[in-house]
Each structure stands twice: as structure tokens, then as C-alpha cells.
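In this note's numbering, the protein residues as written are 1 to 931.
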């Protein structure tokens, strides 16, 4: 690692030695009417340098090496202009202003054979405008202005979007389970064992071309969503050949250069892959109860594990991120070939000091404090990602793409818990050591083919997804402070039967495979002087999952030596023996494992009807036949089987009225569904150490149906600007919600079970503005280079539990829904100086993260203002320096309860359940273009 830092320092110190360069810029206009031409192409002959004119006809070519060149300027239906002997001097600007003449002959047909840019703000706005659905999105050009490291941080800047737990998406205030995610045109696999959600943190931001969120149903979209469908598109055929190296360092307040504690790991842990160090030995018995008559074997099994129960201390190094991206474009005969390959690596560390409390409200609203904990948590993340995409364009009508994405994440976490457990009358000195590996692979072969003068289009996709989550050894132990004066502790060792959450270890493994196939046919027909578009398609997905878990605890052996409980934890585990020490005990239950399969077969048809030049409608119907199968067992061993076969008929309509070329109104209606996830159907119970709660599935869950209604007004002042106002309403029948088991409200852990509520609704308004500020003060050099990004959502929802509402939190907002979301960005871009500065702001309203009951109010995550500042500066032709400060305000993360039930959340009057700060992150890095 020190060599890597030295290499970065040497490169940064060499910036002044680069080749000198200058800038060519100017404005292109129509020779006859003097109007500026938008989208004209300006190329430097004999090089890969080029640019397109913007909405003002302006272009700028930066980092052009010193010398003389010939410019070629082209525009559809205009004569090509060639300007020779354009001189470029070091650090100077060469102005080239010219006009183009229209071709004398009228063009009958213009066909452009090129790769359409999809990753710019203009292209994404154009795609949204041309869509027949209500869509929001973000481009890689906009992503580059942030310090966002992964898709989870990127997507929260889209209107109506928030992130829960740093990786799960909430759209329009609806819980992650009500949203679906597709990578290109295939569903993404899940890497989570206990929630219905895709982990957005697995995709590095540098691999994203654009990200679109479809918020209204359409027959050609999957029918399982309520908030929206997120489509993530990775990068495709490049514009030019290049190899780019990116490296950055990040110093996190309160973490970097301070003491850092973690569990002991084996060799090559830094790669992010499981090295097997913490795995159960292959010779370990599958069930200790099956060999209960062999005490010697049980004793040997206990000793064969990694019995290292104290953390290893080191100094936290700065966060590091490294990526190498190759863009290659070539020709094989008449076939244009493109390849993008990117390799990413990152290592981050974070320390948090969390105040964690819990309460009950007893008779006469008397407050009972259960515990007051202080959790010191140390987390280390290592990530490796590979993107490998190929594309072949045979001609303007036929293309095939092969897309591959693999990401691997390792997360190690050590927590030291102190404070006071009032309900159970002890002062904890507790410790947990957790290690989780997650991986995802997605491979897709896609094709698009146009026939009959583009009147017939066929596109198809064949895909395979694989994901896994491996938790090899989650160790926990409780020790009690028996003498606060001296700090003397005593390890809690159960007698008779183990209690794994007090002294034990948990391991789990989940594997999921997904197979996808889809095809679509689009046919354009002429009728009555109008062009009608018909579209038909089919979709198939097979998804299977296996999950297995192991719970192992420890109990006192015969003739136990009490002195061991008052000693060091590692000394205790050196005394694994049946007589005088501790003994390992099997706590695994039949419901700790399950197998499942989901088969989805869908077909659809829709028609695009242009009633007038300004008004058109797309109406269609989608039929989905879905079969969910799950095999598990209840706690006592009785079989728990699910086999749900349901056919859903899902009509939809999307209407568009164009007032002008720049202004339009959309209206939409559609029916969608929400199905239970595998984990929600399994009777498996999972203990959450952090929140001290248990989550449990329910094999009797039903699917939810959703009625969706939307209205949106859109105005596009220029190709790069948009102003929109939207309203929406959704009604849910039997929505799936998390409720508390009223039988678990004593002094122990509370249990949350997934259930169907009776009904719910969600309604809201969204506003989005992307606008240049130059028009506010014409002639201002600063404002001409500054743009504003603003979006907000105002949402209200209510859920009714019906007969299940007795004693529960009823008539409340949907879990995960915020009443407001605000994103603001001010972007300054000086192309002459190759300088960008961006100031970003985000806040969300308070939202329920866990549903309560009468004696235990709902848990709310409180608003938190987040401000980020980023910059990038070009240095010479190949180098870019970039950095910034993330979370400048460093406001605390807070979880509260409205304990006095006055609908206000006030410090000193209401409960703080959780509170911590993550610290500012100061980043500095560089980008170097090798080719």
C-alpha cells in the first residue's frame, strides 16, 4: 500500500512536465438567418478530438496540443466547412467563429450512422422527453460532478428518491420492497437474506452510463412495482480509444489515522474475497446433536474453530479508491466493434460512536427505560469490481451487445458495547465480530434489429445473474461489569442450554441464480394518414435460491471452573473441554434453512395511437403468470411449504398532450402487483444485534395489488434544461408491512413479523428544475457558466391494518416514507479553464424505519442536512485533479420515538433510540489519461 501512495505522490509531483496545450473554441451559426446551430460537429482532422455545439451554438476543444490543424465542421443538411491552418498556442485560446450554408438540394432522407451518446445531461433529458412514460433520470456527466462512490449515493439525487441503510432504495416514499431494479433489461439478483431489495452499493458510480426511474406502469415494463422501476445502464461503445487511471485518497474525520479495531483475518483479506479463514472446517459435524453420544468428538469440534475473541488494533489508513478504464473502438471489415473494460478497487474504514437506548411505555404512560448502550463500531469495506462490455454494430440496422458486470464486497465489523442494561440489571461489556462477503455477477447478450425501412424492430435479451451472501462467522459474547470501580468483568456463560446471542456464533450462506429471456416486436403501420405503432413481447425469468444458517452456542461443561468466567475471553476458549471448561452446543433449528424458486412468464401487447399531432395515447395490457415455491420447516420440524400460482392481468394507459415542441402534459393509469420475497415467506428468525430485535417471516403472506394514477407537466426551455411538476396517487390492497409480535413485548428482544395490512394510500407532488442561470443576468461571465439543479417531493401516506391493527401502530405513514425530499445542486463549469465546482445539498423528512405498537411508538429516522462540495481541474492534456468535502455539516444520524405522543419530536422530551455521526470525508485524487 505504501508503494501505491508513493506512486501517486510521484505522479502528482510530475504535473508540470506535461506537453503544452491550448484551446479552440467558437460559435457556429446559419449563414442565412444567423441563428446558432445546435449539435453541429466540430472535429480536428487527423485526431480523435471533437465536440458538438451546445444550445448557443458554442463549442470548446480543450487540451489540444500546440501546433496547426484543420477543422472539419458538419451539420445535417448543411455543407461541410473545412478551415485549414488553425494555430494552437500554449495556454491560449484560439477563437473560430464561422457559418454554414444549407445544401442547395432538398434532402429526401438523412441517415446518420453513428453511436448515439447516452451519458450526457442533454441525452438523458432527451430520452425522458421522448419517453411515453413518466420518467426521471441522471447521467454519468452529472454523476461526475459528485463524490458519489456507488449507485446508492447516485440515485438519491433523482426526484422522489431516498436511500435506506446506505444501500436500499425508496421511491416516492415507498419502502424498498415496492420498487424493482433492472440492470439494462433484466432483473437484478438480490444479495440480501432478510429484505426484498437490491443493494445499490454494489455498483461503483464509475460503471454507470445513465440511470432511469420509470414511475408509471406500461405494458412493456414488468408489472411488479409501486414506487418505480430503476434501470441501470452501464457504459457501451466509446466515442474514442482511451485508457484512464483514477486514484483518490479520502481522510474521514474521527476515523483516519486513529486507532482501529477489527477481528483477526487471514492472508489476502484486502482483496475482498473470502479466503476461508473464518469458515467452518470441512470436517465439522453437520449437526452436533447427531453425535451427542460422542463427547470426545464434540470437544474436538469445539477446538477446531477459530477461537479468537479479541480484536486486533491498528491505525486506520485513509480511504483509497483506484480504477483503470479502457475504451476501445475498432473495425473488422464493415463491422464496428466497441469494448469497455473497467477494473475498480476501494478500501474504506469508518468508526462510529453510537448512543443506543430502548424504552417501553407502561401503565399510566409511565416510561420504562430498558437499556442505555454506548456502541463503538469499527467497519472496514473492501470492494472489487469488473465491467467488461462488448458491442458489435454491423450496420445502422443491426447490433449485438454482450454485457458483463461483477462486483465483490467484503464488510468486516467489530462492535464494543458498554453502558447499562436496566431491564436485566447488568452493565454490559459486550462484543460482536461480524464478517459478510457479498458478490454479484450479471451477464447479458442483447440484440436490436430493424427491418422494412425501420418500420419493424425486433430486440431481445438473454441473461444470467448470480449473487451470493456469505456470513462465515458472526461471533457475539456478553460479559458483565461486576465492579464498576475496578472495571472487573465476568463472562456470561449459560448453564444447561446455550443462548447463542449471549455467547455463540452464527453463520449463513445464500446463493441465488436467475435466468432471463425476453423479446419485443415493434411494428409501425400507416392508417388514415397517421402512423400507428404496435408492440408485442414476452418475458421469462427463473430464479432459485438456497439459504442455510448455523447457530452454535456455548455452555458450561461438567465441574465448570468459575474462575474462567472472570478471566480473559481467549483463556476461556482455550478451555473447551467437557469437564471443567465450556462445551459447544448446537442451536440450529429446522427453520434456519430454506430452498425456493420463482418462475415468471409474461406477455403483453400495446398500441401507440396518435389521435392528433399533439395528442397520443399508449394503451396496453400485460399478463403475468407467476409461481412462487418455498420449502422450509417450522421450529418444531413440521414442513413449511409454499406453492403460490397467480395470474395477474395488468392494464395500463399513458396519455401525452404536446402544447408546443417544448411543453407537454402526461397522464397515466395502471395496475401493478407486489409479491412476497423468498425470505418473507420463510419462517426463519434472525436476531439483529444492533437493534436488539428479531425478524421473522410468514408463509401465509398474500400478494398486494396497487392502483397507480399520475399527472405530470413538463417544460424544456432548451435541450439541456427541464422544469416539471407532477402529482400522483396510489391505492394498495393488502399491502405487505412489518408488524410487531405483541407476545414479544416483555424485557427481551422484540419480534417483527411480515404481515398483510388491510389497505393503504400514498399521494404526493414532485417538482424538478434543471436550469442555466445565465438568463438571470445576461453578460455575467459567472452566471453563464452556472446551472441550478433542484428537485423536491411532498408526500403523504396512510396505512390501515384492519383486524390486525389491534394494539398495533395503525393509521400511520407507510414504513420508509418521508413527507418531503429536497435536492439542490449549483454547478459551475468553465470550459476555457477546464474547471468545475459543484455544491450539493440533500435533506429528507423524518420517516418510519421500524413500526411500533401502543406501548412502543414507531421509530423515526430524523431529518439530516447533507452538504457536499466537489471540484475538478484539468491540468495539461492528460491530467485532471479532483476532490472535495463530503458531509460538510456532519450532522448526527438520529432515530427517535414520539414518547409523549404529541406528534412532535423534541430533544429532552422524546426518546433518542439511536444517535451517531459519521464524520466529514475529505477527498483528493487525480485522473490520468494513458491513451
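Note that beta-carbon positions come from the ideal geometry of N, C-alpha and C, so glycine has one too.
| task | Would you identify the three-state DSSP class for residue 925, choosing helix, strand or coil? | result | strand
| said: Applying the 10 Å Cβ sphere with the 16-neighbour rule, what's the burial state of residue 664? | reply: Per the 10 Å Cβ criterion, buried.
| query | Identify the residues that DSSP records as bridge partners of residue 856: which are they? | reply | 853
| request: Since I believe residue 22 is in contact with residue 37 (beta carbons under 8 Å), could you give me their beta-carbon distance rounded to a whole number of angstroms? | output: Their Cβ separation, rounded to whole angstroms, is 24 Å, which puts residue 37 and residue 22 out of contact at 8 Å.
| field | Beta-carbon contacts of residue 871 that lie in its chain and below 7 Å, excluding the five residues immediately before and after | value | Excluding sequence positions up to five before and after residue 871, its CB lies within less than 7 Å of the CB of 836, 837, 882, 883, 884, all in the same chain and listed in chain order.
| message | Let me make sure I understand the geometry here. Which of 53, 78, 62, 96 has the alpha-carbon closest to that of residue 71? | response | 96
| query | Are at least three pairs of beta-carbons, each pair with one atom in the segment 493-505 and one in the segment 524-532, less than 8 Å apart? | reply | no
| message | What does the alpha-carbon distance come out to for the pair residue 786 and residue 829? | response | 6 Å
| field | residue 531 - DSSP class collapsed to helix/strand/coil | value | Under the three-state reduction of DSSP output, residue 531 falls in the strand class.
| field | Three-state secondary structure (DSSP) of residue 495 | value | Residue 495 falls in the coil class under three-state DSSP.
| message | For residue 658, report the span of its beta strand (DSSP E) as first-last. | response | 639-658
| said: At the level of alpha carbons, what is the spacing between residue 448 and residue 545? | reply: One C-alpha to the other measures close to 31 Å.
| Straight-line CA distance for residue 625 to residue 538? | 12 Å
| query | For residue 416, which residues of its own chain have a beta-carbon under 7 Å away from its beta-carbon, when the five flanking residues on both sides are left out? | reply | 376, 431
| field | Reduced DSSP secondary structure (H/G/I, E/B, other) of residue 784 | value | helix
| Selected residue, minimal CA-CA separation from residue 793, among 815, 776, 822 | 822
| query | Cα-Cα, which of 818, 560, 842, 388 is closest to residue 865? | reply | 842
| field | Short Cβ contact (7 Å threshold) for residue 655 with residue 617 | value | yes
| query | Looking at the structure shown, is residue 943 part of a helix, part of a strand, or coil, going by DSSP? | reply | With the chain covering only 1 through 931, there is no way to say anything about residue 943.
| task | For residue 582, count neighbouring Cβ atoms within 10 angstroms of its own Cβ and tell me buried if that reaches 16, exposed if not. | result | buried
| field | Beta-carbon proximity check, residue 557 vs residue 585, cutoff 7 Å | value | no
| task | In angstroms with no decimal places, state the Cα-to-Cα distance between residue 833 and residue 45. | result | Put simply, the backbone Cα of residue 833 is about 23 Å away from that of residue 45.
| Exposure label - residue 468; buried when at least 16 CB within 10 Å | buried
| task | Mark residue 424 as exposed unless 16 or more other C-beta atoms lie within 10 angstroms of its C-beta, in which case mark it buried. | result | exposed
| task | Please say whether residue 781 and residue 712 have beta carbons closer to each other than 7 Å? | result | no
| query | Just the Cα atoms here: how many angstroms apart are residue 694 and residue 878? | reply | Pairing residue 694 with residue 878, the inter-Cα distance amounts to about 54 Å.
| Do you know whose CA, among 400, 384, 380, lies nearest residue 411's CA? | For the set 400, 384, 380, the Cα lying nearest the Cα of residue 411 is the one of 380.
| Where residue 933 falls: helix, strand or coil (DSSP) | No answer is possible for residue 933: the residues shown for the chain start at 1 and end at 931.
| Going by alpha carbons, who is nearest to residue 699 out of 493, 678, 715, 705? | 678
| query | Grouping DSSP H, G and I as helix and E and B as strand, with all else coil, what is residue 96? | reply | coil
| said: By the DSSP assignment, the beta strand (DSSP E) with residue 252 in it spans what residues? | reply: 242-252
| request: Would you give the residue range spanned by the beta strand (DSSP E) that residue 383 belongs to? | output: 367-395
| In chain order, what residues of the same chain lie with their CB nearer than 7 Å to the CB of residue 270, ignoring the 5 residues before and after it? | Excluding sequence neighbours, residue 270 sits near 347, 382.
| request: Use the C-beta contact count for residue 111: other C-beta atoms within 10 angstroms, 16 or more gives buried, fewer gives exposed. | output: Residue confidence is low: residue 111 scores 36 on pLDDT, short of 50, so the model does not pin down where it sits. Its coordinate-derived value is still stated next. The residue is exposed, with fewer than 16 neighbouring Cβ atoms inside 10 Å.
| Anticipated Cβ contact below 8 Å, residue 788 with residue 771, distance rounded | 5 Å
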